[in-house]
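The sequence shown lines up with residues 2 to 528 when you count with our numbering.
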Amino acid sequence: MTSTLSNKSVDEKIDDHLARWRRLITSATPTNREMAEQGVNELYLLARGKKPDAIVWMDSPYQAAFIPVLVTNIIEGRQWENLTAQLRASGPVASPQWEACWVVCWERLRQTQVDGLANQFMSHKSLRSTKASVRAALLYRLERIMHDIAAEQKLRAGSFYTAEAKQKTFKAGRSYLPAPHGLNLAKRLVFLHGKVEQGAGLSLSLNFYTLVAPFVGAWDKRLVAKFVPGSEKYLGLKKPDPKVVVQLEKIRDKCLPQDTLSGTLFLWLLNMMAEPSHEPPLDIDPKASFFDTMKSQYNRALDSRPEPASSLPPNNQFICWLPYVAGWLAFALACRYVDSSLLGEVEPELECWAYMSHGAMGYVLCDNVCFVCPKPLKLVLNELDRPHNAEGSAARWQDGYEVYAWRGITIDGSWIEDKNSITSQAISLEHNVELRRVMLDIYGEARYLEEVGAKKIHEDECGILYSLEFKGDETLTMVKVRNSTPEPDGTYKDYFLRVPPNMVRAKQAVAWTFGLEESEYKPKQQS
Numbered sequence: 002m003t004s005t006l007s008n009k010s011v012d013e014k015i016d017d018h019l020a021r022w023r024r025l026i027t028s029a030t031p032t033n034r035e036m037a038e039q040g041v042n043e044l045y046l047l048a049r050g051k052k053p054d055a056i057v058w059m060d061s062p063y064q065a066a067f068i069p070v071l072v073t074n075i076i077e078g079r080q081w082e083n084l085t086a087q088l089r090a091s092g093p094v095a096s097p098q099w100e101a102c103w104v105v106c107w108e109r110l111r112q113t114q115v116d117g118l119a120n121q122f123m124s125h126k127s128l129r130s131t132k133a134s135v136r137a138a139l140l141y142r143l144e145r146i147m148h149d150i151a152a153e154q155k156l157r158a159g160s161f162y163t164a165e166a167k168q169k170t171f172k173a174g175r176s177y178l179p180a181p182h183g184l185n186l187a188k189r190l191v192f193l194h195g196k197v198e199q200g201a202g203l204s205l206s207l208n209f210y211t212l213v214a215p216f217v218g219a220w221d222k223r224l225v226a227k228f229v230p231g232s233e234k235y236l237g238l239k240k241p242d243p244k245v246v247v248q249l250e251k252i253r254d255k256c257l258p259q260d261t262l263s264g265t266l267f268l269w270l271l272n273m274m275a276e277p278s279h280e281p282p283l284d285i286d287p288k289a290s291f292f293d294t295m296k297s298q299y300n301r302a303l304d305s306r307p308e309p310a311s312s313l314p315p316n317n318q319f320i321c322w323l324p325y326v327a328g329w330l331a332f333a334l335a336c337r338y339v340d341s342s343l344l345g346e347v348e349p350e351l352e353c354w355a356y357m358s359h360g361a362m363g364y365v366l367c368d369n370v371c372f373v374c375p376k377p378l379k380l381v382l383n384e385l386d387r388p389h390n391a392e393g394s395a396a397r398w399q400d401g402y403e404v405y406a407w408r409g410i411t412i413d414g415s416w417i418e419d420k421n422s423i424t425s426q427a428i429s430l431e432h433n434v435e436l437r438r439v440m441l442d443i444y445g446e447a448r449y450l451e452e453v454g455a456k457k458i459h460e461d462e463c464g465i466l467y468s469l470e471f472k473g474d475e476t477l478t479m480v481k482v483r484n485s486t487p488e489p490d491g492t493y494k495d496y497f498l499r500v501p502p503n504m505v506r507a508k509q510a511v512a513w514t515f516g517l518e519e520s521e522y523k524p525k526q527q528s
């Protein structure tokens, strides 16, 4: 607790605390490498008993989605073993002979493995609009990362995948290893979140983490008491202090807006480079370990998924993004102002995540290495705190990677930079409902209705009601009205107003725009 807050009330301290966390996830705060690495090292010490073999920094989410997969496949390949053997034979690390050997070996590896793998990922249609300079920056950053790995000699075959796991992957027909997952770190994250729910939740709402936590050792006797009436006295449970319960519930309520904001930004980051996917349902075996089941189902999904000529980009769901952690971490840390003993067991781990959240944007938590994604240099949100910019990109990172967004939905940059690229025909052919709505928003609903010849439903003295049906989406219904005030040149301008699809008369639709029933709307009495 800082000295600047020492003279404030508990409520004021919590309000200041939540305001700082809100600013953290809604503004382009500077990346703090020292703080991020300190948090990572401490987290790995707590979770695994040793620091990660390497902390690898990337320049953007674009690199965060690709570099872990590329590094994994390079290191786990036989060509990397040959390369490192040649480097060892060339002379001392970083000597002129060693550096010269590196240039030759890397060029050979790039031509025989790296370029093909990179092109396979980056040729996917959702990434084709990425600037050539961003792709070049990725390949340059990859070369520098592999150079440092070769020099430090910390990572080698087996750092990410066992021989058995590799054999199983390739036997299933995949041409590359999927992104590495830190199973131990994932368990720790669930354990931590479960303990936060148990220690500060008090009511134990049955969410994902409360239910999964027992599988990773975050067990609370109240879980039994919740389902077995009268078991409290046998379990020796103590009733919580009513005053503490009230205070924690107030914190919960205060955190709800931030939870919503965190979820919105997390989903935006998660879907930044991915198209909608339809994974097969998971068949959970209640007798098996939860994580073993999840892992086997994930592998089964990979095995059954066909690999097209232009392969899907690596799914960035393995990246732990800041907004995901910030949603519940801010709540957990705020509880300390009420009772510092509530989360004493996991306090050190909470501090690690606090450091990591303030230090960088995202983390790929592998068991032996951690990849880190920095914060954006630019982040533009609308009044609802959703990524949105009608004049340019909504976010930009240091390698030049930019993301365009419209009201929280990631879109093609050409829609903003060249609005003429959107045509009425393109809108009509777009099957994705969300994207079609964005296109309509940018193009203009009224303009679209006029161009495609929408159906006239009704006309009276108040205006003309039009309707246009969309497959899989709400009918577009608009009423055309004429402004009662003349323009400077004496003409009267027409306006289109969107109304609910259940409108059947023009006057009814106009009345709705004023919040009135049709019988209440009397336009002749307007001033």
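Cβ coordinates follow ideal geometry from the N, Cα and C atoms, glycine included. Here the structure is a predicted model, which means the values were calculated and not measured.
Would you kindly work out how many angstroms separate the C-alpha atoms of Ile-423 and Gly-445, rounded to a whole number?
-> Reading the sequence shown from its first residue, position 422 is the one you call residue 423. Reading the sequence shown from its first residue, position 444 is the one you call residue 445. When the Cα atoms are used, Ile-423 and Gly-445 turn out to be separated by approximately 10 Å.
Cβ neighbour criterion (16 or more within 10 Å) applied to Arg-437 | Here residue 437 corresponds to residue number 436 of the sequence shown, with the count starting at 1. With 16 or more Cβ atoms within 10 Å of its Cβ, Arg-437 is classed as buried.
Using beta-carbon positions only, say whether Met-59 and Tyr-356 come within less than 8 Å of one another.
-> For the purposes of this step, residue 59 is identified with residue 58 of the sequence shown, where counting begins at 1. For the purposes of this step, residue 356 is identified with residue 355 of the sequence shown, where counting begins at 1. It is not a contact, given that the beta carbons lie outside the stated cut-off.
Backbone CA spacing between Met-479 and Asp-442 [nearest angstrom] = One-based indexing of the sequence shown puts residue 479 at position 478. One-based indexing of the sequence shown puts residue 442 at position 441. Met-479 and Asp-442 have their C-alpha atoms some 14 Å from each other.
Please work out which residues of its chain come closer than 6 Å, Cβ to Cβ, to Tyr-299, disregarding the five sequence neighbours upstream and downstream, and give them in chain order.
-> In the sequence shown, residue 299 corresponds to position 298, counting from 1. Here the model assigns Tyr-299 a pLDDT of 47, short of 50, so the residue's position is not dependable and the matter cannot be decided.
Taking all protein chains shown into account, decide if Phe-515 is buried (16 or more other Cβ within 10 angstroms of its Cβ) or exposed.
-> For this step, residue 515 is matched to residue 514 along the sequence shown. Classification for Phe-515: exposed.
Going along the chain, which residues of its own chain have a beta-carbon closer than 7 Å to the beta-carbon of Pro-524, five neighbours each way excluded?
-> Counting from 1 along the sequence shown, the entry for residue 524 is found at position 523. Contacts found: Cys-463.
In three-state DSSP terms, what is His-148?
-> By one-based count along the sequence shown, residue 148 stands at place 147. DSSP places His-148 in helix when its eight states are reduced to three.
What do you reckon, are the CB atoms on Ala-333 and Val-197 nearer than 8 Å?
-> For the purposes of this step, residue 333 is taken as residue 332 along the sequence shown, with counting starting at 1. For the purposes of this step, residue 197 is taken as residue 196 along the sequence shown, with counting starting at 1. For Ala-333 and Val-197, yes; Cβs fall inside 8 Å.
Assigned exposure category for Ser-28 - 16 Cβ within 10 Å defines buried | The residue you call residue 28 lines up with position 27 of the sequence shown. Result: exposed.
Which of helix, strand or coil DSSP assigns to Asp-495 | Looking up residue 495 in the sequence shown gives position 494. Strand.
Near the ligand SAH: Gly-345 beta-carbon under 7 Å from a heavy atom = No copy of the ligand SAH occurs in the structure displayed, which carries no ligand at all.
Could you work out which residue in Arg-111, Glu-82 and Arg-387 is closest to Gly-264 when comparing CA atoms only?
-> The count along the sequence shown starts at 1 and reaches residue 264 at position 263. The shortest C-alpha to C-alpha distance from Gly-264 to any of Arg-111, Glu-82 and Arg-387 is the one to Arg-387.
Which residues mark the beginning and the end of the alpha helix (DSSP H) in which Trp-99 is found?
-> Here residue 99 corresponds to residue number 98 of the sequence shown, with the count starting at 1. 97-110 is the extent of the alpha helix (DSSP H) around Trp-99.
Whole-angstrom distance between Phe-67 and Phe-122, CA atom to CA atom | In the sequence shown, residue 122 corresponds to position 121, counting from 1. In the sequence shown, residue 67 corresponds to position 66, counting from 1. Roughly 8 Å separates the two Cα atoms.
Going by the beta-carbon positions, is the gap between Leu-469 and Lys-456 smaller than 8 Å?
-> The count along the sequence shown starts at 1 and reaches residue 469 at position 468. The count along the sequence shown starts at 1 and reaches residue 456 at position 455. Taking 8 Å as the cut-off, the Cβ atoms of Leu-469 and Lys-456 count as close.
Counting Cβ pairs, one atom from each stretch, are 3 or more of them under 8 Å apart for the stretch 33-49 and the stretch 130-141?
-> Segments in contact, no.
Using the rule of at least 16 other Cβ atoms within 10 Å of the residue's Cβ for burial, across every protein chain shown, is Thr-113 buried or exposed?
-> For the purposes of this step, residue 113 is taken as the residue at position 112 of the sequence shown. Exposed is the call here.
Reference Arg-21; option with closest CA among Cys-256, Val-72 and Phe-372 = Here residue 21 corresponds to residue number 20 of the sequence shown, with the count starting at 1. Of Cys-256, Val-72 and Phe-372, the smallest CA-CA separation from Arg-21 is found for Cys-256.
Is it right to say Tyr-467 is buried, meaning 16 or more other beta carbons lie within 10 angstroms of its own, or is it exposed?
-> Locating residue 467 in the sequence shown gives position 466, counting from the first residue. When all chains shown are included, Tyr-467 counts as buried.
Entirely within the stretch 421-449 and at least 3 residues each: give me those beta strand (DSSP E) ranges in chain order.
-> Fully enclosed beta strand (DSSP E) runs of 3 or longer: not present.
Beta-ladder partner(s) of His-359, from DSSP | By 1-based counting over the sequence shown, the position of residue 359 is 358. For His-359, DSSP records no beta bridge to any residue.
Would you mind working out which of Ala-173, Asn-421 and Leu-380 sits nearest Arg-24, comparing C-alpha positions?
-> Along the sequence shown, one-based indexing puts residue 24 at 23. If we check each option's Cα against that of Arg-24, Leu-380 comes out closest.
Within its chain, find whatever has a CB closer than 7 Å to the CB of Pro-309; leave out the 5 residues flanking it on each side and keep chain order.
-> To locate residue 309, count along the sequence shown from 1; it is residue 308. Here Pro-309 scores only 38 on pLDDT, less than 50, and its place in the model should not be relied on; the value that follows carries that caveat. Counting only Cβ-Cβ distances below 7 Å, and skipping sequence neighbours, we find nothing.
If we call anything under 8 Å between Cβ atoms a contact, is Ala-331 one with Gln-259?
-> The residue you call residue 331 lines up with position 330 of the sequence shown. The residue you call residue 259 lines up with position 258 of the sequence shown. Going by beta carbons, Ala-331 and Gln-259 fall inside the 8 Å limit.
Run the CB neighbour count on Tyr-496, radius 10 Å, all protein chains shown included, and call it buried at 16 or more, exposed below.
-> As a first step, residue 496 is located in the sequence shown; it is residue number 495 there, counting from the start. The residue in question, Tyr-496, is exposed, as its Cβ has fewer than 16 Cβ neighbours within 10 Å.
Taking Ile-75 and Phe-161 to be in contact with their CB atoms under 8 Å, please state how far apart those CB atoms are, rounded to whole angstroms.
-> Mapped onto the sequence shown, residue 75 falls at position 74. Mapped onto the sequence shown, residue 161 falls at position 160. Between the beta-carbon of Ile-75 and that of Phe-161 there is about 10 Å, and that puts the pair past the 8 Å contact cut.
Find the nearest neighbour of Tyr-325 within the set Arg-109, Ile-146, Ser-96 and Thr-261, judged by alpha-carbon distance.
-> The residue you call residue 325 lines up with position 324 of the sequence shown. It is Thr-261 whose Cα lies nearest to the Cα of Tyr-325.
Excluding sequence positions up to five away, which residues of its chain have a Cβ less than 8 Å from the Cβ of Gly-473?
-> As a position in the sequence shown, residue 473 is number 472, starting the count at 1. Exclusion of the five residues before and after Gly-473 leaves His-432 and Val-434 as the residues of its chain whose Cβ lies within less than 8 Å of its Cβ.
Ignore the nearest five residues each way along the sequence and tell me which others in Glu-530's own chain have a CB closer than 8 Å to its CB.
-> Outside the shown range of the chain (2 to 528) lies residue 530, about which nothing can therefore be said.
How about the stretch 363-382 and the stretch 397-410: do they share at least three Cβ pairs that are nearer than 8 Å?
-> Segments in contact, yes.
When you compare only the Cα positions, how much space is there between Val-453 and Ala-510?
-> Here the question's residue 453 lines up with position 452 in the sequence shown. Here the question's residue 510 lines up with position 509 in the sequence shown. If I take the Cα positions, the gap works out to 21 Å.
Limits of the unbroken beta strand (DSSP E) element including Ser-468 = Sequence index remark: in the sequence shown, residue 468 carries index 467 (1-based). In the DSSP assignment, Ser-468 falls within the unbroken beta strand (DSSP E) covering 464-469.
Look up Tyr-63 in the DSSP assignment and say whether it is helix, strand or coil.
-> As a working note, residue 63 is residue 62 in the sequence shown. Reduced to three states, the DSSP call for Tyr-63 is helix.
Helix, strand or coil for Cys-371, going by three-state DSSP, please let me know.
-> Reading the sequence shown from its first residue, position 370 is the one you call residue 371. Strand, per DSSP.
Distance between Arg-34 and Ile-530 (C-alpha atoms, nearest Å) = Outside the shown range of the chain, which is 2 to 528, sits residue 530, and nothing can be said about it.
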